[in-house]
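Engineer: Yeah, the sequence shown ends on 264 if you go by the UniProt record's numbering, and it's all consecutive.
All residues carry an ideal CB built from backbone N, CA and C; glycine is no exception.
Dropping the structure in here first, questions after.
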Amino acid sequence: MQHDFVMLTTTNGYNPNSCLLRYTQIAREEQKQSVQQTPFAAVNHLIVSDNHLIQEVLQPRIVVVGAGAAGLGAAIKLNHLGFKNIIIVEACQQVGGRIAKANIGNAWVDTGAQYVHGASEKNPVYCLLKKSGLLSQVPEDGKILFYRCNGHKVDEDFSKYVYEAGEKIIRYYGNIGKSIGEHFAEKAQELIDMHQADEKMLVQSILSLVGKQFLLDIGASDLHNVSLASWQYYINMGEDLNVEGLMFQLVENLMEDFPKSVCS
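The following block contains the structure:
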């Protein structure tokens, strides 16, 4: 059996390695069958080494559907494995999928992905940013300062204590049959009640900011729609890193490996 055409469709969270590994496994089985049935000189199937790198290949025509991060990653992986006859099909005029940008005045701004959730070597996006040198352009996080509505600055030690307490509450892992919103509201109220009357409103305001920041981090609009039970399965690979203005540059760097004719 000879593969003349291969199509890969990409979705959110797609890992190209799993599909490519399966493809090379199939190729290995076909190679064994061909060697048994045909003289070696006549074999024109894939010949794959023990580390799954293609040594000799009859180039199939490969179409990658979608030029988002997953599609580009799959195409790059295929290219590194030796497949050269690749076409990326994208319906939009701009590649990158949710990694998008827009021109405002004389500057380009992010209109899509802006954060790396899990800034560590375990995260392939973080590794790509690091490899491309873009991480060196990320400024260090500054201090968070809180001000009252009258313009008076809130004591830094107090605001830090309340904010960190709120973070500990909202990032609780457990299965108690409630949403994160229900759990956070109950525990936050307990924390508010521990303070004096003149501090209660301030504590509530800081905790409200904790909730809003958490919604931003997880891409949700209502904490009451997020299950606390399922949250225990979330794997934290590292801290969140704001890479504003750099994510779409990563897409541009990835596209440098492909001629414009590849993406249509």
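If I'm right that Leu215 touches Ser221 with Cβ under 8 Å, what's the distance once you round it to whole angstroms?
Structural biologist: Within the sequence shown, residue 215 is the residue found at index 215, counting from 1. Within the sequence shown, residue 221 is the residue found at index 221, counting from 1. Indeed they touch by this definition, with Cβ atoms about 7 Å apart.
Engineer: Can you have a look at Met237 and say buried or exposed, based on whether 16 or more other CB atoms are within 10 angstroms of its CB?
Structural biologist: For the purposes of this step, residue 237 is taken as residue 237 along the sequence shown, with counting starting at 1. The residue in question, Met237, is exposed, as its Cβ has fewer than 16 Cβ neighbours within 10 Å.
Engineer: May I ask you to list the residues that DSSP assigns as paired with Gly96?
Structural biologist: Reading the sequence shown from its first residue, position 96 is the one you call residue 96. Residue pairing from DSSP places Gly96 in a beta bridge opposite Gly68.
Engineer: Between Lys84 and Gln59, which are expected to be in contact by the criterion C-beta below 8 Å, what is the C-beta distance as a whole number of angstroms?
Structural biologist: In the sequence shown, the residue the question calls residue 84 occupies position 84. In the sequence shown, the residue the question calls residue 59 occupies position 59. Contact holds; Cβ gap of about 6 Å.
Engineer: Whose C-alpha, out of Ala100, Leu81, Ala74, Ile86, is nearest the C-alpha of Glu252?
Structural biologist: Within the sequence shown, the letter at position 252 stands for residue 252. Selected option, being the one with the closest Cα: Ala100.
Engineer: Within 10 angstroms of the Cβ of Ser159, are there 16 or more other Cβ atoms? Answer buried if so, exposed if not.
Structural biologist: Your numbering for residue 159 matches position 159 in the sequence shown. It is buried - the Cβ of Ser159 has at least 16 other Cβ atoms within 10 Å.
Engineer: Would you give the residue range spanned by the beta strand (DSSP E) that Ile104 belongs to?
Structural biologist: Indexing the sequence shown from 1 puts residue 104 at position 104. It spans 101 to 104 - the beta strand (DSSP E) in which Ile104 sits, taken as one unbroken run.
Engineer: Check for me: the beta strand (DSSP E) holding Tyr115 runs from which residue to which?
Structural biologist: For the purposes of this step, residue 115 is identified with residue 115 of the sequence shown, where counting begins at 1. Note, Tyr115: beta strand (DSSP E), 115 to 117.
Engineer: State the DSSP-derived secondary structure class of Ile144, mapped to helix, strand or coil.
Structural biologist: Within the sequence shown, numbered from 1, the residue matching residue 144 stands at position 144. Correct three-state label for Ile144: coil.
Engineer: Mind reading off the beta-carbon distance from Gly97 to Gly66? Whole number of angstroms is fine, and I expect it under 8 Å.
Structural biologist: Here residue 97 refers to the residue found at position 97 of the sequence shown. Here residue 66 refers to the residue found at position 66 of the sequence shown. In this structure Gly97 touches Gly66 by the C-beta definition: roughly 7 Å separates them, less than 8 Å.
Engineer: Taking just the CA atoms, how far does His195 sit from Val162?
Structural biologist: What you label residue 162 is simply residue 162 of the sequence shown in a count that begins at 1. What you label residue 195 is simply residue 195 of the sequence shown in a count that begins at 1. Cα to Cα, Val162 sits roughly 11 Å from His195.
Engineer: Return yes when the Cβ of Leu241 is within less than 8 Å of the Cβ of Val138, no when it is not.
Structural biologist: Numbered from its first residue, the sequence shown carries residue 138 at position 138. Numbered from its first residue, the sequence shown carries residue 241 at position 241. Contact: yes.
Engineer: Could you pull the DSSP bridge partners for Leu241 from this structure?
Structural biologist: Position 241 of the sequence shown holds residue 241. Leu241 pairs with Val116.
Engineer: Note down the Cα distance separating Glu256 from Asn106, rounded to an integer number of angstroms.
Structural biologist: Here the question's residue 256 lines up with position 256 in the sequence shown. Here the question's residue 106 lines up with position 106 in the sequence shown. Here the C-alpha atom of Glu256 lies approximately 24 Å from the C-alpha atom of Asn106.
Engineer: Would the beta-carbon of Phe83 be found less than 7 Å away from any heavy atom of the ligand MN?
Structural biologist: Looking at this structure, you won't find the ligand MN or any other ligand, since it has none at all.
Engineer: Return the bridge partner residues of Ser227 from the DSSP annotation.
Structural biologist: Here residue 227 corresponds to residue number 227 of the sequence shown, with the count starting at 1. Beta-bridge pairing links Ser227 to Ser179.
Engineer: Taking contact to mean at least 3 C-beta pairs separated by less than 8 Å, is the stretch 198 to 212 in contact with the stretch 163 to 176?
Structural biologist: The stretch 198 to 212 vs the stretch 163 to 176: in contact.
Engineer: Using alpha carbons as the reference points, say which of Ile170, Gly174, Glu90, Gly177 lies closest to Ala188.
Structural biologist: As a first step, residue 188 must be located in the sequence shown, where it is residue number 188. Here the closest residue by C-alpha is Ile170.
Engineer: So Leu250 and Leu129 are in contact, right, with Cβ under 8 Å, and what is the actual spacing, rounded?
Structural biologist: By 1-based counting over the sequence shown, the position of residue 250 is 250. By 1-based counting over the sequence shown, the position of residue 129 is 129. Right, the Cβ-Cβ distance comes to about 6 Å (below 8 Å), so this counts as a contact.
Engineer: Answer with buried or exposed for Met201, where buried requires no fewer than 16 other C-beta atoms within 10 angstroms of its C-beta.
Structural biologist: As a working mapping, residue 201 is identified with position 201 in the sequence shown. Answer is exposed; the Cβ neighbour count stays below 16.
Engineer: In this structure, does DSSP put residue 337 in helix, strand or coil?
Structural biologist: Residue 337 lies beyond the stretch modelled for the chain, which goes from 1 to 264, so this question has no answer here.
Engineer: Got a sec? Which residues, its chain only, sit under 6 Å from Ala75 by beta carbon, not counting five neighbours each side?
Structural biologist: In the sequence shown, residue 75 corresponds to position 75, counting from 1. Only Val64, Ile86, Ile88 meet the Cβ criterion.
Engineer: So, using beta-carbon positions, are Ile180 and Val125 closer together than 8 Å?
Structural biologist: For the purposes of this step, residue 180 is taken as the residue at position 180 of the sequence shown. For the purposes of this step, residue 125 is taken as the residue at position 125 of the sequence shown. If you check the CB distance, Ile180 and Val125 do not come in under 8 Å.
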